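Residue numbers (mature numbering (1 follows the signal peptide of the UniProt record, and there is no 0)): -20 to -1, 1 to 304.
Everything below concerns the one structure shown next.
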């Protein structure tokens, strides 16, 4: 049972034990695009980075674009277990080829495609606020019924700001150098399955706001190996699309993760494919002795440890408070 929990804890997208903030093993948002509802843990600094390449082929413009880029993320648990400060971005180099008569014109674009700084705050944790169903000692059937409490997700809110500099070719005409981004994040943990949903409003003060969602289902195959499938949708007058991703991650030690992934879409304006690989590394400065499993049983155990530390058990240890 312990190994299963460790396996779930490392799963990417910010996923970890349903009843904890800080975990024994790294939890990373990579390689998907969703954020998990939980923070990395107080005083934990986490680096998540990778490289990707792919191709966009636009049937109407008759253009073909080769893409090479790097993504990066920095996450820090600030002040408390339920607050995370983060910074995500990407740098992209692309070459677009367009046939013109008997020749081909090429246009190269190189710049930061995205940079966003923000904060994520956990509003509700069912592992703490919802009491687990008690085992019925007299009815096997009652114990096998669907526990509706398991459908209650952890819920977080995210707020951030996109920013860019000067004349960035990846910005649309008239876009502000600073624009808002917000999201509602939910997470369900069902044994070795985890479902994360992000509902996102991006650049909603601009002329071309973007709305969408990311829905990620992850499965821990072994304590060190996990796979995922993801659906992402964009709704905007400037760019609308539906993407499907899939991939896997492998845990090397408790602080280091490797991942691979790929994506495709369902249209030809443009048609897209992409592959990516990356790493996540955790610098663990977490010093507080929080309980990894903050269940009701865990709280009782934690209370016992607190009593022991304060010396309330001292008399019993010396035999003065016993009945003997």
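Where a beta carbon is used, it is the ideal one built from N, C-alpha and C, also for glycine.
The model shown is predicted, which means the values in this text are computed figures rather than measured ones.
Beta-bridge analysis with DSSP links residue 249 to no other residue.
Going by DSSP, residue 17 is part of no beta strand (DSSP E) at all; its letter is neither H nor E.
When the five nearest sequence neighbours on each side are left out, the beta carbons in the same chain lying within less than 6 Å of the beta carbon of residue 77 are those of 44, 84 and 86, in order along the chain. Contact holds between the segment 88 to 105 and the segment 60 to 73, because three or more Cβ pairs, one in each stretch, are under 8 Å apart. Residue 28 has its alpha-carbon roughly 16 Å from the corresponding atom of residue 227.
With a cutoff of 8 Å on beta-carbon distance, residue 69 and residue 56 are scored as not near each other.
Contact between the segment 140 to 159 and the segment 35 to 44 is absent: fewer than 3 CB-CB pairs across the two stretches fall below 8 Å.
The closest CA to that of residue 24, considering only 140, 34, 3 and 214, is found on 3. According to the DSSP assignment, residue 190 belongs to the beta strand (DSSP E) that extends over 190 to 200. Looking at the DSSP output, residue 37 sits in a beta bridge with 44 and 251.
Between residue 260 and residue 10, the C-beta gap is smaller than 8 Å, which places the two residues in contact.
A distance below 8 Å separates the beta carbons of residue 222 and residue 246. The three-state secondary structure of residue 130, taken from DSSP, is helix. Excluding five sequence positions before and after residue 50, the CB atoms of its chain that fall closer than 6 Å to its own CB belong to 31 and 71, given in chain order. Here residue 254 has 32, 34 and 243 as same chain residues with Cβ atoms under 6 Å from its own Cβ, once five neighbours each way along the sequence are excluded.
Distance from the CA atom of residue 151 to the CA atom of residue 16, rounded to whole angstroms, is 27 Å.
Looking at the DSSP output, residue 180 sits in a beta bridge with 163 and 192. The beta carbon of residue 184 sits closer than 7 Å to the beta carbons of 160 from its chain, once the five residues preceding and following it are set aside; these are given in chain order. In this structure, residue 169 sits away from residue 14, with a CB-CB distance that is not shorter than 8 Å.
Per DSSP, the continuous beta strand (DSSP E) segment holding residue 97 begins and ends at 83 to 104. In this structure, residue 92 keeps its C-beta atom at 8 Å or more from the C-beta atom of residue 8.
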